[in-house]
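The numbering used here applies: residue -8 is where the sequence shown begins, and numbers increase by one.
Cβ coordinates follow ideal geometry from the N, Cα and C atoms, glycine included.
Please read the structure below before turning to the comments.
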Amino acid sequence: MSLAQHLGELRKRIVIALIALVVGMVVAYFLTDWIIWAMTEPIRVVAAQRGMEDKVGLMYQTVTGPFDMRLRISFVVGIIISAPVWLWQLWAFLMPGLTRKEIQYTIGFVAAAVPLFFAGCYVGWWVMPHIVELMATFTPEGAANWFDSKYYYDFVFKLIIVVGVSFVVPVFLVALNLAGIMSGRAILKAWRVAVLIAVGFAGLATPAADIVSMLMLAGILVVLFFAAAGLSMLFDRRRAKRSAAALKATL
């Protein structure tokens, strides 16, 4: 396609993704009461553990704070709900002019990426309460834990989104292999770097004192990386066999 056609295709994909995001935001807005109650559960746990229900809670520093928080939650949850649509649009733009076999790969990409993204979001949601409860144990005696609503929101949803996206990265490695950009062997050779990145990311996403959560998250990421490398090497072997068979047929 020409540059103008590429730009037109990009605009089309962005518009579809934005429409899906808006629909997701509308649906999410009606769920904000339940979401706020669920995400503040760790705060209530901390208050009950310390016997300081009147000194532990969520704090809004501005008049519009409660409404702003609902909009922010609607936006992030809208991104999560619309993930199947915008992941498909991203893949469809990066891989134009697909053959029938490549279409099968595309379906496989979405079928793998979407569950992994939601699985990552779930892991982030599972880790979050442990972080809040653990960090509250460092509060000195007599001090109060009033969590700023904006900061608390950023902490919760950035953690969920980042962990969700990290679970999809191995699928993109397989996609690069299918596109002929990276071989499975090249992906596998980078295992030391991948393990280091996984441990570093897990260390940032979880508190330093919560070693169990850090090791679990790092372990999941490492397993996903090796699964992507193994699958890519399998694809490379199949391509090599087909090439050898085609060469043999021409001789």
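Distance between Phe226 and Met245 (C-alpha atoms, nearest Å)
Given a span of -8 to 242 for the chain in the structure shown, any question on residue 245 remains unanswerable.
Buried or exposed: where does Val37 fall if 16 or more other Cβ atoms within 10 Å of its Cβ makes it buried?
Burial is judged here by how many other beta carbons sit within 10 angstroms of a residue's own beta carbon; Val37 has at least 16 and is buried.
Alpha carbon of Pro75 to alpha carbon of Gly111, nearest angstrom
For Pro75 and Gly111, the gap between their C-alpha atoms comes out near 14 Å.
Counting pairs of Cβ atoms below 8 Å between the stretch 53 to 62 and the stretch -2 to 9, do you hit three or more?
Segments in contact, no.
Please tell me whether Ala19 has its Cβ less than 8 Å away from any Cβ of chain B.
Of the protein chains in this structure there is only one, and it is not chain B.
Roughly how many whole angstroms lie between the Cα atoms of Phe84 and Val203?
When only Cα atoms are considered, Phe84 and Val203 end up about 39 Å apart.
Look at the alpha carbon of Val67 and the alpha carbon of Trp77, and state the distance between them as a whole number of angstroms.
Approximately 13 Å between the Cα atoms of the pair.
Would a C-beta distance cut-off of 8 Å place Leu212 and Ala189 closer than the cut-off?
Their beta carbons are under 8 Å apart, which means Leu212 touches Ala189 by this criterion.
For Glu171, which of helix, strand or coil comes out of DSSP?
Inspection of the sequence shows that residue 171 is occupied by Gly rather than by Glu. Coil.
Among all the DSSP beta bridges, which residues are the ones paired with Phe138?
Note: Phe138 sits in a beta bridge opposite Leu49.
Taking the alpha carbon of Val14 as the reference point, which residue from Ile27, Ile64, Ile72 has its own alpha carbon closest?
Ranked by Cα distance from Val14, the first of Ile27, Ile64, Ile72 is Ile72.
Using the Cα positions of Arg183 and Phe216, report the straight-line distance between them to the nearest angstrom.
Whole-angstrom Cα-Cα distance: 11 Å.
Quick check on the burial criterion: 16 or more other C-beta atoms within 10 angstroms. Buried or exposed for Ile95?
Inspection of the sequence shows that residue 95 is occupied by Gln rather than by Ile. It counts as exposed.
For Phe138 and Tyr144, I'd like the C-alpha separation in whole angstroms.
As the crow flies, the alpha-carbon of Phe138 is around 10 Å from that of Tyr144.
Grouping DSSP H, G and I as helix and E and B as strand, with all else coil, what is Ala181?
Three-state result, Ala181: coil.
Check for me: the alpha helix (DSSP H) holding Leu238 runs from which residue to which?
That run of the alpha helix (DSSP H) goes 202 to 241.
Which class does Leu1 belong to by DSSP, given the choice of helix, strand or coil?
Leu1: helix per DSSP, three-state reduction.
Host alpha helix (DSSP H) of Gly308 (start-end):
The requested residue 308 does not occur in the structure, where the chain is confined to residues -8 to 242.
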